[in-house]
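Numbering (this note's numbering), first residue to last: 198 to 352. The block underneath contains the structure these notes are about, expressed in structure tokens.
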Amino acid sequence: MKLSWLFVALLFFQDDAPFKPMEEFEVKLDFQFKERPRDDPNKIELNQTHRAYERSKSTGVLPYLYLNLRVLKESPEEVRVRVVENGTTVFTKKFDMNTVLKLDMGFTDDIKDRVSPHEYIVYYLSKDKKPLSKVVIFFEENGTYIVNGQVRGKL
């Protein structure tokens, strides 16, 4: 029992990685226009809201967002990257200065409505997979996007 409390205490008091300095990376928004995939017309969703129903029946192209994250200043200790999307690890891989992470955010309306991911945390890791720094990208419900606590713009 004491061992489990010690484990829980370690999880809560673990030092989190500091923000990566803004001059060491860049985040570029890549807007594209895509057509939303159609739902099966023979399928009925009983718990679907009116807004979700209208979204599924919409036609035409809609704005779709990708984020391109690139490191500008190399840090020799940072050899791996881990991407966490809304609390779930998406991938972990080796990276170098030439690596551009392309994060698929989804349709802009879905980001605002919290249907698709609205928060990414990119951890830069050492050889032994310990977090050295991080970049946090967060989209508010009104479309404002924040990078490492600083407002960068609005969708």
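Cβ atoms here follow ideal geometry from the backbone N, Cα and C, with glycine treated the same way.
**Report entry** Buried or exposed by the 16-neighbour rule on C-beta atoms within 10 Å, applied to Pro218
**Finding:** Indexing the sequence shown from 1 puts residue 218 at position 21. The residue is exposed, with fewer than 16 neighbouring Cβ atoms inside 10 Å.
Report task. Apply the 10 Å Cβ neighbour rule to Val356 and answer buried if 16 or more other Cβ atoms are within range, or exposed otherwise. Result -> Coverage of the chain is limited to positions 198 through 352, which leaves residue 356 absent and any answer about it impossible.
Report task. Enumerate in chain order the residues of its own chain whose CB-to-CB distance from Ser313 is below 8 Å, with the five nearest sequence positions on each side excluded. Result -> In the sequence shown, the residue the question calls residue 313 occupies position 116. The residues are Met302, Gly303, Phe304, Asp307.
**Report entry** For Val348 and Val319, the rounded distance between their alpha carbons
**Finding:** Here residue 319 refers to the residue found at position 122 of the sequence shown. Here residue 348 refers to the residue found at position 151 of the sequence shown. Looking at the two C-alpha atoms, the distance is approximately 17 Å.
Query raised in the report: Under a Cβ-count criterion, where at least 16 other Cβ atoms within 10 Å of its own Cβ denotes burial, should Ser330 be classed as buried or exposed?
Result: Within the sequence shown, residue 330 is the residue found at index 133, counting from 1. By the 10 Å Cβ count, Ser330 comes out buried.
Requested in this report: Could you spell out where the alpha helix (DSSP H) holding Thr305 opens and where it closes?
Outcome: Locating residue 305 in the sequence shown gives position 108, where the first residue counts as 1. Residue range 305–309 is occupied by the alpha helix (DSSP H) that includes Thr305.
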